[in-house]
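Participant:
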Amino acid sequence: MVGEQRDTFVVEYFDPQASLSRTYQFCYFTDDKTIEMYNLKTKRLFLKRCAYPSLSPNELYVGATINVFSRPLRIIDYGDDATRKRLTANSGECMITVDMQHHSAAAGSVIEALTTQGLRITFIRLVELSKSLAARVASKAQRCLVVLASGAGAREKVASVAASFSAAVTQISSESAVQELKEAVMGPGESTAALKNCAVCVIKPHAITSGHQGPILHRLVEEGFYISALGSYQLTVADAEDFLEVYNGVLPEYKKLVEQMSSGPCWAVEVCAENAVPALRAVCGPQDPEVCHVLFPHTLRSMYGVDRIRNAVHCTDLEEDGPLESEFFFSLLQNKQ
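According to the UniProt record's numbering, the residues represented by the sequence shown are 1 to 337, in order.
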């Protein structure tokens, strides 16, 4: 169709049966939300153009993983110069720290302000900086969230958010300070997780894409939970299967739950409180948002859930599972990164 806009990417799919990585050209037509794929090796059409309304444009960026017809596709590059120019115009990346020692109540609002500005949070982790490192990067506290935000006009937008939350937020402007923080907190390392008397809330990929992570985090703090650990993670299908294994054969939606959990970045939040597991379950609500709408309208799943699969959050079900789920994210996965 003449004049229609399309975004084109190079995507990679690991075929578990053949143990091979295959590359495709992936086209997303923004006007009608249709997609098309070509095999780059054979130069042949792989997927005829079809509607795929569940995929949104803000899910498409280099480094992202998208699920298309149950296949996890990792976007490894732009597919043409037009897409590259359009999506990288005025784009940038900025780092901030958010004081979690004295201003944890502001954290959710800071995140919401960033996403409302159209910025994508590519990394977040709750850390305990050494006194000397905190001083060198001018962080307002040793215990802080380290946040990387990217998008068009990132520097100006982040500066605006930092000014609005000046008591809690430090914008890391020096390139050397940004690099030092990246080396200190990204990748394997020590965690702030308690790993006991805790529960885990996982903000699902669809809720991240929809920009609900800020309000969800704000609600957890507002409910009196102590945020003891927080991080962003990209689960593989195998990771999601391991994490959700207890539901295999129990919930008929198990495979779709795995697909959702591995469809993009999720945020794991370890919370501590008296009776943390039942308290968190009460805030999250039953699995089905439709039930929540009727019986528990103020729960997270009622407010941000879509259906039994895209129900905004996963939460620890059993007391004994709290430390296990926390260890899965803040020990096992964190040390794989």
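All C-beta atoms, glycine included, are put in the ideal place defined by N, C-alpha and C.
1) Would Val306 and Ile216 be called neighbours here (beta carbons separated by less than 8 Å)?
2) May I ask you to list the residues that DSSP assigns as paired with Ser91?
3) Do the CB positions of Ala194 and Glu270 come within less than 8 Å of each other?
4) Could you pull the DSSP bridge partners for Pro72 from this structure?
5) My parser needs the beta strand (DSSP E) runs of 3 or more residues fully inside the region 233-287; what are they?
6) Judging by CA-CA distance, which residue of Ala276, Asp239, Glu274 and Gly285 is the nearest neighbour of Ile259?
7) Going straight from the alpha carbon of Val146 to that of Lys43, what length do you get?
8) Let me check understanding here. Comparing Cα to Cα, which of Val137, His102 and Ile111 lies closest to Arg143?
9) Quick one, are the C-beta atoms of Pro286 and Arg301 less than 8 Å apart?
10) For the alpha helix (DSSP H) containing Arg219, list its first residue and its last residue.
11) Can the beta-carbon of Ala106 be found closer than 8 Å to that of Ala168?
12) What span of residues does the alpha helix (DSSP H) with Ala168 cover, start to end?
13) DSSP on His314, reduced to helix/strand/coil?
14) Using 8 Å as the threshold, is the C-beta distance between Ala152 and Val158 below it?
15) Grab the span of the alpha helix (DSSP H) containing Asp321 for me, first residue to last.
Facilitator: By the coordinates alone:
1) The sequence position of residue 306 within the sequence shown is 306, counting from 1. The sequence position of residue 216 within the sequence shown is 216, counting from 1. No, Cβ-Cβ distance for Val306 and Ile216 is not below 8 Å.
2) Stepping through the sequence shown from its first residue, residue 91 is reached at position 91. According to DSSP, Ser91 bridges with Ala152.
3) Position 194 of the sequence shown holds residue 194. Position 270 of the sequence shown holds residue 270. Cβ atoms of Ala194 and Glu270: closer than 8 Å.
4) Here residue 72 refers to the residue found at position 72 of the sequence shown. Note: Pro72 sits in a beta bridge opposite Asn67.
5) Here the runs fully enclosed are 265-272.
6) For this step, residue 259 is matched to residue 259 along the sequence shown. A quick correction: the sequence has Glu, not Ile, at residue 259. Among Ala276, Asp239, Glu274 and Gly285, the Cα nearest to that of Glu259 is on Asp239.
7) Translated into the one-based positions of the sequence shown, residue 146 becomes position 146. Translated into the one-based positions of the sequence shown, residue 43 becomes position 43. About 43 Å.
8) For this step, residue 143 is matched to residue 143 along the sequence shown. Comparing Cα-Cα distances from Arg143 to each of Val137, His102 and Ile111, the minimum goes to His102.
9) Here residue 286 refers to the residue found at position 286 when the sequence shown is read from its first residue. Here residue 301 refers to the residue found at position 301 when the sequence shown is read from its first residue. In contact: Pro286 and Arg301 (Cβ atoms closer than 8 Å).
10) Taking the first residue of the sequence shown as position 1, residue 219 is located at position 219. Element bounds for Arg219: Gln213 to Glu222.
11) Numbered from its first residue, the sequence shown carries residue 106 at position 106. Numbered from its first residue, the sequence shown carries residue 168 at position 168. The answer is yes: Cβ separation under 8 Å.
12) In the sequence shown, counting from the first residue as 1, residue 168 sits at position 168. Run containing Ala168: none; DSSP gives neither H nor E here.
13) For the purposes of this step, residue 314 is identified with residue 314 of the sequence shown, where counting begins at 1. Strand.
14) Locating residue 152 in the sequence shown gives position 152, counting from the first residue. Locating residue 158 in the sequence shown gives position 158, counting from the first residue. Not a contact, by the Cβ cut-off of 8 Å.
15) Along the sequence shown, read from residue 1 onward, the residue named residue 321 stands at position 321. Note, Asp321: alpha helix (DSSP H), Asp321 to Glu327.
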